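Numbering-wise (the numbering used here), the sequence shown opens with residue 223 and increments by one.
In this text, a Cβ means the ideal position worked out from N, Cα and C, and glycines have one as well.
Small disclaimer: the values here were computed from a predicted structure and weren't measured.
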Amino acid sequence: MTRKKNILIIRILLFGGTAISMFFVPWILVKAWILPLPNTVPGQVDEAIGHGFDGMIVYVDQVGKPPSFYAGGWKNREKKIQADPNSLFKIASISKLYTAAAATKLVKEKRLSFDKTLADYLPDLRTRIENTEEITLRMMIQHRSGIPNFTDNPAYWENEQKNGKNALDFALDLPASFKPNGGYEYSNTNYLLLRRIMDNVLGYNHNQYINEKILIPLELKNTFFSIAEVNLNDVMSGYYVGYEEDFKAREYGMLATAEDVGIFLRALNDGSVFDKGEQEIYPYEYNHGGLVVGYQSLAEYHKDIDAVVVQFINTTDFEGYEWNLSEISINRIVKIIRKKN
């Protein structure tokens, strides 16, 4: 559920909604929405933990002020280790911002073109994915390709750790969701293919390129590409409602501290991550969220207060209520910062 839909449902409920609307809206979301706004960010963190999150980290970087770090709940529930704002966290789809920025650099270097097609770069997929001769890299980056999302395939989740090694198989030979550039559908397959194209063009793993062109220049020393690169004790545990398992050891791609994500997000928004001529051709978003089992993250820049806000929460669920609560929480944090201004 998107943030706008979530807000709309709650407004319907509060201002003249029907009995049917009231029945289907979880009261925990209504409560989180209508509670008086705390005076401080720590107050909002404590309130969010009270809604059932296991642990939470918030990083705020507002111009003219030193960065602020907040944490609540558990880093490790079983061992009763309190949340640490410097813990590593699985950032999931926030990694798409790094990929899009790196692809932009490759375009500026004339090693890629946003206007060339999937067929140009991966001709072996012509018979496996519809419309490859019409789908451009720009459409893929902007989720306007119509290529099905492999994580929407129920078979993928039968063993997602094993199937993740051959994730593309779960999007091949399926009908397109829509004609190229004829709609919008968030699809992880787009970025799976984009990273494969980058590997082919570079002749080595795109992670090395991201490290050389983005992480090292920004001095992001607490950003990693795999759980295999880090000490597990430095990683915040991840939990799924109804399960005792700690999902920390599972492979879900990039990890970073909230501070590292915040530094990157500011550099993306103020353009300092780019070299001359790159920001003008950057085709993707400037804010993003991430969601994998046990981990949800939101990274936002708000121009009106010149502030970066990063929120990590280590609790997820099947219904999506935890994601809705997360969005409500970061909205309230931003409101608190605005009031203080």
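Does the separation of the CB atoms of residue 552 and residue 530 fall below 8 Å? no
Determine the direct distance from the alpha carbon of residue 421 to that of residue 428, and round the result to whole angstroms. 5 Å
Decide if residue 360 is buried, meaning its Cβ has at least 16 other Cβ atoms within 10 Å, or exposed. buried
Which of helix, strand or coil does DSSP assign to residue 364? coil
Of all the options 424, 416 and 470, which has the alpha carbon lying nearest to the alpha carbon of residue 333? 424
How far does the beta strand (DSSP E) with residue 291 in it reach, from first residue to last? 290-298
Flag this pair as yes or no: are the beta carbons of residue 512 and residue 315 separated by less than 8 Å? yes
Assess, as a yes-or-no matter, whether the stretch 276-294 is touched by the stretch 312-326 under the definition of 3 or more beta carbon pairs within less than 8 Å. no
Could you tell me the distance, in whole angstroms, from the CA atom of residue 488 to the CA atom of residue 476? 18 Å
With DSSP run on the structure shown, which of helix, strand or coil describes residue 342? helix
On the three-pair Cβ rule with 8 Å, is the stretch 361-377 touching the stretch 389-406? yes
Proximity to residue 525 [Cα-Cα], best of 539, 516, 556 and 495: 556
Only counting runs of 3 or more residues, tell me where the beta strand (DSSP E) segments fall wholly within the stretch 442-467, in order along the chain. none
Limits of the unbroken beta strand (DSSP E) element including residue 535: 529-535
Measure the C-alpha to C-alpha separation of residue 504 and residue 449 and round it to an integer number of angstroms. 29 Å
Taking the Cβ atom as the reference point for each residue, do residue 177 and residue 371 lie within a distance shorter than 8 Å? Examination of residue 177 is not possible in this model, given that the chain is present from 223 through 563 alone.
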